[in-house]
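Participant: The structure follows.
4 protein chains.
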Amino acid sequence: MASAGKPRGERRTFIEEARRAQIIECTIAVLASHGYAHASLATIAERAGISKGVISYYFDGKEDLIAQVHAETMMLVTKLVLPAVATEVRASDKLRVYIEGSIAFVETHAAHATALLEIWNGLRTPEGRPAFDARSHEPGLEFLEGIMRQGQKDGEFRPFVPRIMALAIRGAIDCVLLQRVAYGDKVDLREAARELVALFDAAMRDVSGPRPTSAAPPPKARRGRR
Amino acid sequence: MASAGKPRGERRTFIEEARRAQIIECTIAVLASHGYAHASLATIAERAGISKGVISYYFDGKEDLIAQVHAETMMLVTKLVLPAVATEVRASDKLRVYIEGSIAFVETHAAHATALLEIWNGLRTPEGRPAFDARSHEPGLEFLEGIMRQGQKDGEFRPFVPRIMALAIRGAIDCVLLQRVAYGDKVDLREAARELVALFDAAMRDVSGPRPTSAAPPPKARRGRR
Amino acid sequence: MASAGKPRGERRTFIEEARRAQIIECTIAVLASHGYAHASLATIAERAGISKGVISYYFDGKEDLIAQVHAETMMLVTKLVLPAVATEVRASDKLRVYIEGSIAFVETHAAHATALLEIWNGLRTPEGRPAFDARSHEPGLEFLEGIMRQGQKDGEFRPFVPRIMALAIRGAIDCVLLQRVAYGDKVDLREAARELVALFDAAMRDVSGPRPTSAAPPPKARRGRR
Amino acid sequence: MASAGKPRGERRTFIEEARRAQIIECTIAVLASHGYAHASLATIAERAGISKGVISYYFDGKEDLIAQVHAETMMLVTKLVLPAVATEVRASDKLRVYIEGSIAFVETHAAHATALLEIWNGLRTPEGRPAFDARSHEPGLEFLEGIMRQGQKDGEFRPFVPRIMALAIRGAIDCVLLQRVAYGDKVDLREAARELVALFDAAMRDVSGPRPTSAAPPPKARRGRR
DNA sequence: AATGAATGAGACTTCATTCAT
DNA sequence: AATGAATGAAGTCTCATTCAT
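Protein chains in written order, with this note's numbering: chain U, 1 to 226; chain R, 1 to 226; chain E, 1 to 226; chain W, 1 to 226.
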């Protein structure tokens with residue numbers, strides 16, 4: 001039950017917001033380094049240098065904590081990737097920026113990315129079924145499908161089932177993240193981004209005929225990759 | 001500890017082997033239906049209609065049981081997919097059969113496939129690090145890379161980094177499995193197989209020049225981004 | 001520990017007295033609605049719209065708070081029932097008024113009555129022994145016994161052991177309260193009062209012989225039973 | 001969830017039945033001596049000289065344990081009181097035997113009686129409402145009401161509301177138990193039984209006129225009360 | 001006079017593991 | 001070869017209490 005005394009309303013003091021952020025940050029770190037199953041409240045509290053009770057004070061139990069970490073991280077990755085995608089006009093450019101941005105997120109926010117993967121894989125319903133299963137990919141998948149349908153309408157992409165293509169993109173990015181987690185710096189993320197962009201460009205581009213909108217060159221100057 | 005009397009050597013009676021197989025089978029079923037974290041020895045024993053002690057008798061603890069389930073399942077999937085691949089000659093055909101076989105395995109051995117995913121995601125070292133992380137993909141990845149290198153040598157495939165392409169294939173297949181787990185029959189595996197084959201065929205095939213056995217395949221010009 | 005600065009002496013400012021009364025009132029409400037075990041300081045503070053610290057400021061811990069709630073409520077029920085009893089002369093009338101008043105208290109002060117029951121049942125010494133056990137009934141029991149002895153001396157009542165009769169009256173009233181708590185409005189308290197009066201009148205009245213003080217008619221007109 | 005491995009089926013081994021009985025016995029003792037709120041599993045296990053886990057092994061959690069203690073004790077008191085009641089024919093005799101039996105149970109099974117009272121008072125729903133509130137008295141109350149209605153039909157009892165009379169009887173007995181708990185041997189249970197029988201006999205007996213079935217004298221010889 | 005923040009003990013539960021039979 | 005019984009550690013959660021501000 002949402003017991004009393006916890007500052008879960010809208011009004012948040014400065015110190016409270018700081019603690020909350022600190023706990024979330026530590027949870028991400030522990031998720032990344034210990035894995036979902038070993039991310040106990042005790043470990044998290046120890047890392048934060050606080051007592052376990054504080055976590056219960058700020059969050060409605062472990063489930064709530066994990067859910068908020070998930071939401072916060074999803075918001076972060078969305079905020080970092082989507083705006084860049086929105087600046088592009090052509091579907092192929094959108095996808096390129098999406099892939100590049102996703103891989104860049106893995107590089108700049110390794111712990112966040114790993115924690116996200118842990119949550120996706122580890123969070124379960126009481127009966128053991130995945131709680132953030134493929135369903136939690138939905139928003140991202142639908143976003144990708146939207147881009148693909150646009151590309152197909154514009155004649156930029158060949159015909160294919162958008163859902164499968166979107167799955168392939170997500171799976172590829174996640175698999176690269178896994179490699180990064182396993183092998184660390186030995187995995188060249190720049191190269192991975194470059195290759196994945198080329199891979200899916202080749203996989204989707206329509207080479208069967210003349211570009212329908214050939215008269216319409218890229219409406220904006222080619223943006224350098226970095 | 002590996003106490004004396006346990007039949008863990010090579011010599012195994014028939015009944016022993018049967019028990020062992022039964023336990024492994026039940027573990028797979030429980031992993032698939034309850035998830036890694038909820039797959040307790042009690043649940044497995046109950047499903048097998050035996051007492052928990054028997055599991056300890058045949059396996060050196062839970063970790064050992066899971067490891068053997070993993071090995072057994074990997075062996076199974078390998079046995080079902082690789083021979084078919086070996087009957088093909090051209091790299092593109094090998095890849096097609098590999099993808100089709102992998103997706104078919106998901107369909108015919110749903111529990112095995114799900115259990116495998118659960119183990120990959122859930123099994124950890126005592127410190128919390130993934131025990132069957134990306135490293136356990138290695139054999140499969142290297143197998144795929146070998147096919148790709150062959151295709152590139154034959155001029156069938158364009159130049160690309162085999163490792164990344166292999167990762168993308170594995171990721172795509174795993175993601176389709178996740179969808180299947182999440183959405184069940186609503187996911188059309190035949191369609192998925194067809195689409196993935198087309199996807200990676202388009203992604204890899206060399207369309208720049210004359211066909212496969214031409215005299216001079218593109219050595220490695222243009223590792224350009226597009 | 002009773003730290004300095006807390007207004008626990010006699011001298012109390014108006015605002016202090018108001019806070020104290022407010023906390024006690026809220027404690028009664030929470031006891032009645034949540035039960036003893038679930039009446040946490042957090043819940044009480046929340047209901048009062050104050051912080052938990054205030055309660056510690058005005059009371060020496062939870063035990064002290066409950067004790068004061070008990071004392072206050074006992075005082076209230078005494079103040080409401082005893083004066084009416086005192087206006088009667090004959091023992092049978094006193095008992096009638098006592099029962100009617102007790103049941104009326106249950107009706108007009110439902111939360112107080114329920115809270116009292118919760119305290120009687122729930123409050124324990126640190127070792128787990130009832131802290132407000134039967135002993136806390138003592139004043140009320142002795143009061144009833146006094147009335148009975150008077151009635152026996154006057155020849156109004158037959159001979160019986162006053163203590164047991166007093167226990168029966170208290171038990172009957174408490175049991176009616178329990179029914180009220182459990183079944184709410186479906187329990188007709190007017191009827192219960194009427195029946196209990198008749199029950200104990202029949203149980204105690206001496207019908208063996210002529211009224212000793214038959215010459216002394218009821219000194220006041222029979223008060224309507226409702 | 002009813003986890004696996006617990007012997008909760010019908011088949012019970014001897015040793016298992018013994019453990020189960022031992023745990024229930026210890027729970028009754030701890031309930032009686034420590035009160036409901038302080039009857040933790042740790043205390044119960046300590047008293048039984050076993051580890052906490054054993055309790056979980058034999059019972060589905062604390063709630064289940066308490067429920068079984070309740071059921072077992074109710075069964076015991078029923079088994080001890082009801083047969084004796086059934087041997088009587090006249091309602092007044094049935095009630096006499098019921099009261100005598102109930103008080104005798106308090107004397108011979110003090111811990112059981114106290115534990116029962118603790119459960120009635122202490123067991124709550126998650127929201128804090130009584131779980132074995134007055135409702136759990138229902139069977140007993142209805143049994144008493146049945147006797148009373150028979151007595152009224154036979155003309156043995158005067159008219160009154162059976163439910164209130166039944167409540168009064170239960171309340172009186174419980175209150176005597178409370179006194180016993182509080183004052184121990186100083187409370188004379190024989191006297192209490194004698195007095196309560198006389199009390200309720202006087203309260204219920206119809207003295208208004210001739211016995212309706214006066215022609216039918218007591219069908220069996222008066223059984224000496226002691 | 002009051003508050004928000006933090007603590008730490010204690011409760012219940014789950015589960016891998018051990019052991020006598 | 002197998003079982004039932006038992007253990008003990010670890011996890012999550014609640015809550016009275018303390019304390020600096």
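Using N, Cα and C, we set each Cβ at its ideal position, and we do this for glycine too. All of these numbers come straight from a predicted model, not from anything done at the bench.
1. With a cut-off of 8 Å on the beta carbons, I'd call V176(W) and I103(W) a contact; round off their distance for me.
2. Determine the chain W residues that contact G151(E) at a beta-carbon separation under 7 Å, and present them in chain order.
3. Going by DSSP, which residues form a beta bridge with R124(W)?
4. Identify whether F157(W) lies in helix, strand or coil by the three-state DSSP scheme.
5. With 7 Å as the threshold, decide whether the Cβ of L167(U) is near any Cβ in chain R.
6. Using beta carbons (cut-off 7 Å, strictly below), is T213(R) in contact with chain U?
7. Determine, using beta-carbon pairs with one atom in the region 24–37 of chain R and one in the region 114–122 of chain R, whether at least three such pairs fall under 8 Å.
8. Can you tell me the Cβ-Cβ gap for G203(W) and A203(E), rounded? I've got them flagged as a contact below 8 Å.
9. For the pair the region 186–202 of chain W and the region 137–149 of chain W, tell me if three or more CB-CB distances fall below 8 Å.
10. Suppose you measure from the CA of L41(E) to the CA of K62(U); what does that come to, to the nearest Å?
11. Would you kindly check if the distance between the Cβ of F105(W) and the Cβ of V77(W) is under 7 Å?
12. In this structure, does DSSP put R19(E) in helix, strand or coil?
13. Where does S208(U) fall in DSSP's three states?
14. I'd like the list of long-range same chain contacts for I28(W), defined as Cβ closer than 8 Å, with 5 residues on each side in sequence excluded.
15. Leaving out five residues before and five after L95(R) in sequence, what residues of the same chain have Cβ atoms less than 7 Å from its Cβ?
16. Going along the chain, which residues of the region 170–204 of chain E sit with their C-beta nearer than 8 Å to a C-beta in chain W?
17. Whole-angstrom Cβ separation of G101(R) and L80(R), contact assumed at under 8 Å?
18. E46(W): which of Q152(W), F59(W), G151(W) and V30(W) sits nearest, CA to CA?
19. Using the Cβ count rule (16 or more neighbours within 10 Å means buried), how would you classify R223(E)?
20. Can you tell me where the alpha helix (DSSP H) with T108(W) in it begins and where it stops?
21. Which residues in chain W have a C-beta closer than 8 Å to the C-beta of F160(E)? List them in chain order.
22. So is I103(W) in contact with chain E if we call contact Cβ pairs under 7 Å?
23. Quick check on DSSP: helix, strand or coil for I235(R)?
24. Going by C-alpha distance, which of P139(U), E127(U), A48(U) and I66(U) is nearest L82(U)?
25. Spatial neighbours of E107(U) within its chain, please: CB distance less than 6 Å, with the 5 preceding and 5 following residues excluded, ordered by chain position.
26. Near S136(W), which residues of its chain fall below 7 Å by C-beta distance, leaving aside the five closest residues on each side in sequence?
27. CB G171(E) to CB G184(W), shorter than 7 Å?
28. Below 8 Å on the Cβ atoms is my contact criterion, and I expect V89(W) with E195(E) to pass it. Report the Cβ-Cβ distance as a whole number of Å.
29. Is the distance from the Cβ of L141(R) to the Cβ of A166(R) below 7 Å?
30. Could you name the residues of chain W that P130(E) contacts, counting a contact when the two beta carbons are closer than 8 Å?
31. Does the beta carbon of I164(R) come closer than 7 Å to any beta carbon on chain U?
32. Can a CB atom of chain E be found closer than 7 Å to the CB of H112(W)?
33. Note down, one range per segment and in chain order, each alpha helix (DSSP H) of at least 4 residues found wholly within the region 55–93 of chain R.
34. From the DSSP output, in three-state form, read off G35(R) for me.
35. Go ahead and pull the three-state DSSP assignment for D201(R).
36. Can you name the start and end residues of the alpha helix (DSSP H) that I44(U) belongs to?
Facilitator: Working from what's here:
1. As a first step, residue 176(W) is located in the fourth sequence; it is residue number 176 there, counting from the start. As a first step, residue 103(W) is located in the fourth sequence; it is residue number 103 there, counting from the start. Yes, they are in contact, since the Cβ atoms of V176(W) and I103(W) sit about 7 Å apart, within 8 Å.
2. Looking up residue 151(E) in the third sequence gives position 151. Simply none; closest approach about 14 Å.
3. The residue you call residue 124(W) lines up with position 124 of the fourth sequence. According to DSSP, R124(W) bridges with P130(W).
4. For the purposes of this step, residue 157(W) is taken as the residue at position 157 of the fourth sequence. Correct three-state label for F157(W): strand.
5. In the first sequence, residue 167(U) corresponds to position 167, counting from 1. It does; some Cβ of chain R falls within 7 Å.
6. Residue mapping note: residue 213(R) aligns to position 213 of the second sequence, counting from 1. Note that T213(R) scores 48 on pLDDT, short of 50, meaning its location in the model is unreliable; the coordinates nonetheless yield the value given after this. By this cut-off, T213(R) is not an interface position.
7. Under the three-pair Cβ rule at 8 Å, the region 24–37 of chain R counts as touching the region 114–122 of chain R.
8. The residue labelled residue 203(W) in the question sits at position 203 within the fourth sequence. The residue labelled residue 203(E) in the question sits at position 203 within the third sequence. Rather than Gly, the amino acid found at residue 203(W) in this sequence is Ala. Rounded, the Cβ-Cβ distance is 4 Å, consistent with contact.
9. The region 186–202 of chain W, when compared against the region 137–149 of chain W, does not touch it at the 8 Å Cβ threshold.
10. Walking along the third sequence from the start, residue 41(E) turns up at place 41. Walking along the first sequence from the start, residue 62(U) turns up at place 62. If I take the Cα positions, the gap works out to 23 Å.
11. Locating residue 77(W) in the fourth sequence gives position 77, where the first residue counts as 1. Locating residue 105(W) in the fourth sequence gives position 105, where the first residue counts as 1. In this structure, F105(W) lies closer than 7 Å to V77(W) by Cβ.
12. In the third sequence, counting from the first residue as 1, residue 19(E) sits at position 19. DSSP places R19(E) in the helix class (H, G or I) of the three-state scheme.
13. Reading the first sequence from its first residue, position 208 is the one you call residue 208(U). The answer is coil: DSSP assigns S208(U) none of H, G, I, E or B.
14. Here residue 28(W) is taken as the residue at index 28 of the fourth sequence, counted from 1. For I28(W), where only same-chain residues beyond five positions count, the Cβ hits under 8 Å are V69, T73, A111, H112 and A115.
15. Your numbering for residue 95(R) matches position 95 in the second sequence. Only I147 and F200 meet the Cβ criterion.
16. Result list: R170, G171, A172, I173, D174, C175, V176, L178, Q179, V181, A182, Y183, E191, A192, E195, L196, A198, L199, F200, A202, A203 and M204.
17. Stepping through the second sequence from its first residue, residue 101(R) is reached at position 101. Stepping through the second sequence from its first residue, residue 80(R) is reached at position 80. At roughly 7 Å, the Cβ-Cβ gap stays under 8 Å, so G101(R) and L80(R) are in contact.
18. Here residue 46(W) refers to the residue found at position 46 when the fourth sequence is read from its first residue. Comparing Cα positions, the closest option is V30(W).
19. One-based indexing of the third sequence puts residue 223(E) at position 223. In this prediction, R223(E) scores a pLDDT of 47, lower than 50, which makes its location untrustworthy; the coordinate-derived value is nonetheless stated afterwards. Exposed.
20. In the fourth sequence, counting from the first residue as 1, residue 108(W) sits at position 108. According to the DSSP assignment, T108(W) belongs to the alpha helix (DSSP H) that extends over A91 to T108.
21. Indexing the third sequence from 1 puts residue 160(E) at position 160. Simply E195, A198 and L199.
22. Translated into positions along the fourth sequence, residue 103(W) becomes position 103. Taking Cβ atoms only, chain E never reaches closer than 7 Å to I103(W), which makes this a no.
23. Outside the shown range of chain R (1 to 226) lies residue 235(R), about which nothing can therefore be said.
24. By 1-based counting over the first sequence, the position of residue 82(U) is 82. Checking every option, the nearest Cα to that of L82(U) belongs to P139(U).
25. Counting from one through the first sequence, the residue named residue 107(U) turns up at place 107. The residues are L189.
26. Against the fourth sequence, residue 136(W) aligns to sequence position 136. The residues are W120.
27. Your numbering for residue 171(E) matches position 171 in the third sequence. Your numbering for residue 184(W) matches position 184 in the fourth sequence. Going by C-beta atoms, G171(E) is not nearer than 7 Å to G184(W).
28. To locate residue 89(W), count along the fourth sequence from 1; it is residue 89. To locate residue 195(E), count along the third sequence from 1; it is residue 195. V89(W) to E195(E), Cβ: 27 Å. No contact.
29. Numbered from 1 along the second sequence, position 141 holds the residue referred to as residue 141(R). Numbered from 1 along the second sequence, position 166 holds the residue referred to as residue 166(R). Their beta carbons are under 7 Å apart, which means L141(R) touches A166(R) by this criterion.
30. By 1-based counting over the third sequence, the position of residue 130(E) is 130. What P130(E) touches in chain W: G35, V181 and A182.
31. As a first step, residue 164(R) must be located in the second sequence, where it is residue number 164. With 7 Å as the cut-off, I164(R) counts as an interface residue toward chain U.
32. Here residue 112(W) is taken as the residue at index 112 of the fourth sequence, counted from 1. For H112(W), the answer is no, since every Cβ of chain E falls outside 7 Å of its Cβ.
33. 61–86
34. For the purposes of this step, residue 35(R) is taken as the residue at position 35 of the second sequence. Coil.
35. Translated into positions along the second sequence, residue 201(R) becomes position 201. In the structure shown, D201(R) sits in a helix (DSSP, three-state: H, G or I).
36. Here residue 44(U) is taken as the residue at index 44 of the first sequence, counted from 1. That run of the alpha helix (DSSP H) goes L41 to A48.
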